[in-house]
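Reviewing the structure listed below.
In mature numbering (1 follows the signal peptide of the UniProt record, and there is no 0), the protein residues as written are -20 to -1, 1 to 408.
Laid out in structure tokens, this is it:
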């Protein structure tokens, strides 16, 4: 992938009027048709010709393509999911409902090595998308209007994103957009919309700043997966993941139901598997560079968020903003963006950076001193969850210094209140 010379891109941005390339013009329709991959080569060519909107289209194609590939792999091996839309999207459907996508009745066997490859490929797709999203913030300005709820995603791996495989159908009546109802969906409480009701506008005007928002989210998703891949979790795979892949040939597949100890055969076996899972979360580090890279990913999330806000605050339009500045209109009801919330978010980013840099320590219930997260990422040879929590495995990372507490996040608590998690998810 060719990176842009920054100076050239800036000169082009100054010389060219805001305009959409062919890739930008066709992006929404390809998303709605489920044919985003068909124009990928042309999109890359246009991106290499310094069309910022084409770089956004390339990043989105790679981001969604990575999700589809992960979903197909999970479906292929018969993954079961909790009855939640987000889990269903990421892990491949095994639930019947509004999506109409059934689980896989004939899954293929899955090995530990195969699962590592599946997860590694997903991280690679996310990193490829990140690079194009970062390129999409440079150069000509653009706004691409997309209704996310009409986007089709191939969930069952048959190679076609059917009409029932839209994000809107998947999310159903879930309040995924903070009160923005899905097109043709029933209203809360099970009451259908009347013919006279106004349809809710669920479109978003994606622009240069939003490309950086997406770049940050690729790392939000990639960081925990890379944390897992830095370790050998084969014992956990063999002991517990038959609960996720019940027909993929894992060692405990035939013993999901055993005898009765306390409640009933199914419940007792599941509780036993949960205990075994906790026992096997003692992962040797097999890729120290990858573990250290998780910290780099977390640092990039805060850096990209600052870059995102720099672009947002420089905007002069007001066009269905994904994340608005205090001068723009919020499309999320009851979640206004003010100077106070922006300042609180910036302070929160600074606090997280101090934690990642080991300048602010993480509190541990057993010690008066704090846990150095930077030292863990840079020097850990194993991650034993039980011993880290109980204390003995935390000893190498315990040191004197300032410890994060409620006061460290006081500004965020005051600005966001009980909605802090929603704002964090929204602001990235």
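Glycine included, each C-beta is placed from N, C-alpha and C at the ideal position.
To the nearest angstrom, report how far apart residue i and residue j are at their CA atoms.
{"i": "residue 85", "j": "residue 32", "result": "43 Å"}
{"i": "residue 236", "j": "residue 221", "result": "11 Å"}
{"i": "residue 253", "j": "residue 283", "result": "40 Å"}
{"i": "residue 224", "j": "residue 272", "result": "29 Å"}
{"i": "residue 371", "j": "residue 344", "result": "8 Å"}
{"i": "residue 107", "j": "residue 246", "result": "41 Å"}
{"i": "residue 251", "j": "residue 29", "result": "57 Å"}
{"i": "residue 54", "j": "residue 101", "result": "13 Å"}
{"i": "residue 269", "j": "residue 357", "result": "9 Å"}
{"i": "residue 374", "j": "residue 128", "result": "43 Å"}
{"i": "residue 48", "j": "residue 311", "result": "27 Å"}
{"i": "residue 319", "j": "residue 325", "result": "10 Å"}
{"i": "residue 212", "j": "residue 367", "result": "17 Å"}
{"i": "residue 300", "j": "residue 249", "result": "50 Å"}
{"i": "residue 57", "j": "residue 323", "result": "46 Å"}
{"i": "residue 23", "j": "residue 188", "result": "16 Å"}
{"i": "residue 206", "j": "residue 308", "result": "36 Å"}
{"i": "residue 113", "j": "residue 145", "result": "25 Å"}
{"i": "residue 365", "j": "residue 12", "result": "43 Å"}
{"i": "residue 27", "j": "residue 193", "result": "19 Å"}
{"i": "residue 20", "j": "residue 118", "result": "20 Å"}
{"i": "residue 95", "j": "residue 401", "result": "31 Å"}
{"i": "residue 258", "j": "residue 91", "result": "21 Å"}
{"i": "residue 226", "j": "residue 232", "result": "9 Å"}
{"i": "residue 150", "j": "residue 376", "result": "45 Å"}
{"i": "residue 291", "j": "residue 110", "result": "17 Å"}
{"i": "residue 317", "j": "residue 103", "result": "32 Å"}
{"i": "residue 385", "j": "residue 132", "result": "43 Å"}
{"i": "residue 186", "j": "residue 393", "result": "29 Å"}
{"i": "residue 330", "j": "residue 43", "result": "28 Å"}
{"i": "residue 342", "j": "residue 387", "result": "13 Å"}
{"i": "residue 333", "j": "residue 391", "result": "16 Å"}
{"i": "residue 18", "j": "residue 306", "result": "38 Å"}
{"i": "residue 122", "j": "residue 179", "result": "26 Å"}
{"i": "residue 97", "j": "residue 289", "result": "35 Å"}
{"i": "residue 83", "j": "residue 50", "result": "15 Å"}
Mark residue i as exposed unless 16 or more other C-beta atoms lie within 10 angstroms of its C-beta, in which case mark it buried.
{"i": "residue 405", "result": "exposed"}
{"i": "residue 441", "result": "As displayed, the chain neither begins before -20 nor continues past 408, which places residue 441 out of reach and without an answer."}
{"i": "residue 10", "result": "buried"}
{"i": "residue 407", "result": "buried"}
{"i": "residue 276", "result": "exposed"}
{"i": "residue 41", "result": "buried"}
{"i": "residue 304", "result": "buried"}
{"i": "residue 139", "result": "exposed"}
{"i": "residue 116", "result": "buried"}
{"i": "residue 285", "result": "buried"}
{"i": "residue 120", "result": "buried"}
{"i": "residue 59", "result": "buried"}
{"i": "residue 141", "result": "buried"}
{"i": "residue 143", "result": "exposed"}
{"i": "residue 238", "result": "exposed"}
{"i": "residue 134", "result": "buried"}
{"i": "residue 369", "result": "exposed"}
{"i": "residue 136", "result": "buried"}
{"i": "residue 397", "result": "exposed"}
Hey, residue i and residue j are a contact pair by Cβ (cut 8 Å); roughly how many whole angstroms apart?
{"i": "residue 45", "j": "residue 105", "result": "6 Å"}
{"i": "residue 228", "j": "residue 87", "result": "5 Å"}
{"i": "residue 125", "j": "residue 183", "result": "5 Å"}
{"i": "residue 279", "j": "residue 340", "result": "That pair is no contact at about 14 Å."}
{"i": "residue 395", "j": "residue 321", "result": "5 Å"}
{"i": "residue 218", "j": "residue 208", "result": "Actually they are not in contact, since the Cβ atoms of residue 218 and residue 208 sit about 15 Å apart, beyond 8 Å."}
{"i": "residue 261", "j": "residue 362", "result": "Not quite, the Cβ-Cβ distance comes to about 11 Å (not below 8 Å), so this is no contact."}
{"i": "residue 355", "j": "residue 338", "result": "6 Å"}
{"i": "residue 263", "j": "residue 328", "result": "Contact doesn't hold; Cβ gap of about 30 Å is too wide."}
{"i": "residue 315", "j": "residue 399", "result": "7 Å"}
Query raised in the report: So, do the region 381 to 396 and the region 331 to 350 have three or more beta carbon pairs nearer to each other than 8 Å?
Result: Contact between the region 381 to 396 and the region 331 to 350 is present, because at least three Cβ pairs lie under 8 Å.
Query raised in the report: Is there contact between the region 290 to 308 and the region 198 to 212, where contact requires at least three CB pairs shorter than 8 Å?
Result: no
**Report entry** Touch test, the region 4 to 21 against the region 34 to 51, Cβ-Cβ under 8 Å, three pairs minimum
**Finding:** Yes, the region 4 to 21 touches the region 34 to 51.
Requested in this report: Note down, one range per segment and in chain order, each beta strand (DSSP E) of at least 3 residues found wholly within the region 218 to 271.
Outcome: 262 to 264
Query - Contiguous alpha helix (DSSP H) assignments of at least 4 residues, all confined to the region 277 to 342 - result: 319 to 336
Query raised in the report: What runs of the beta strand (DSSP E), each 3 residues or longer, lie entirely inside the region 332 to 398?
Result: 362 to 364
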